[in-house]
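Numbers in the working numbering are just positions in the sequence shown, counted from 1, shifted up by 25.
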Amino acid sequence: MVIAFAMTMFFSCAVDLKPEVSFNVPVGIAENIDLKYTDSGKVKANLISPKMLDYSNREFPYSEFTEGITLYIFDKDNNKSTVISDYAIVYDKTGLIDLQGNVVLATYTNDTLFGDQLYYDQNKQWLSTNQPVTFRTDGDLINGNGFDSDVNFKEAEVLEINGIITLDE
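Structure, rendered in structure tokens:
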């Protein structure tokens, strides 16, 4: 009878040792991060943020930067452009960074882009948005709805221009 009771207890008290992770919470949280994106041994981008939430447990994994970021983008000549935003999401599978809230991009040539959202495609080295922007370049302040550019700003274009102001130097 003792053996039967012990066997019943053994089989009725199964313990599941697999941890359950909710898909609504991050699998990890990192603070004071400094991520570098390299290609062929050269740093192409450097992302700095006070806090990162890691959602790599999702089917489409991403990292969320709820306290903003500073992103340095380096061209082939190692010239540095700087992007600052209040919030960002980096999608691991696509290499796309979605920058949101008070986005400011300052190039090494002192061109500056202001907007509420900007996408940076790490693989194509391309910046774009379909949101309203202000672009300061060569003494002009250009307002428009949308922006496309390579990271060198050699192909920078404000889309749907709705105003150009020439600044006095």
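Ideal Cβ positions, reconstructed from N, Cα and C, are used throughout, including at glycine.
(message) Quick check: S74 and I94, are their CB atoms within less than 8 angstroms of each other?
(response) The count along the sequence shown starts at 1 and reaches residue 74 at position 49. The count along the sequence shown starts at 1 and reaches residue 94 at position 69. Yes.
(request) Find the nearest neighbour of D146 within the set T119, Q125, S88, Y97, judged by alpha-carbon distance. (result) In the sequence shown, residue 146 corresponds to position 121, counting from 1. Taking each of T119, Q125, S88, Y97 in turn and checking the Cα distance to D146, the smallest one comes out for T119.
(message) Along the chain, where does the beta strand (DSSP E) containing D59 start, and where does it finish?
(response) Taking the first residue of the sequence shown as position 1, residue 59 is located at position 34. Going by DSSP, D59 is part of the beta strand (DSSP E) stretching over 53–64.
(request) Decide if L138 is buried, meaning its Cβ has at least 16 other Cβ atoms within 10 Å, or exposed. (result) As a working mapping, residue 138 is identified with position 113 in the sequence shown. With 16 or more other Cβ atoms within 10 Å, it is buried.
(message) Classify I54: buried if its beta carbon has 16 or more other beta carbons within 10 angstroms, exposed otherwise.
(response) Taking the sequence shown and counting its residues from 1, the one referred to as residue 54 is at position 29. Burial call: exposed.
(message) Tell me which residue opens and which closes the beta strand (DSSP E) that G169 is part of.
(response) Sequence index remark: in the sequence shown, residue 169 carries index 144 (1-based). For G169, the enclosing beta strand (DSSP E) begins and ends at 165–175.
(message) For L130 and F178, I'd like the C-alpha separation in whole angstroms.
(response) To locate residue 130, count along the sequence shown from 1; it is residue 105. To locate residue 178, count along the sequence shown from 1; it is residue 153. When rounded, the distance between both Cα atoms is 11 angstroms.
(request) Alpha carbon to alpha carbon, how far is Y133 from N104? Give it in angstroms, no decimals. (result) Taking the sequence shown and counting its residues from 1, the one referred to as residue 104 is at position 79. Taking the sequence shown and counting its residues from 1, the one referred to as residue 133 is at position 108. Using only the alpha carbons, I get a separation of about 6 angstroms.
(request) Note down, in chain order, each residue of its chain lying with its Cβ closer than 8 angstroms to the Cβ of N170, except the 5 sequence neighbours on either side. (result) Numbered from its first residue, the sequence shown carries residue 170 at position 145. Residues of the same chain with a CB within less than 8 angstroms of the CB of N170, apart from the 5 flanking positions on each side, are N155, Q156, P157, V158, L184, E185, N187 in chain order.
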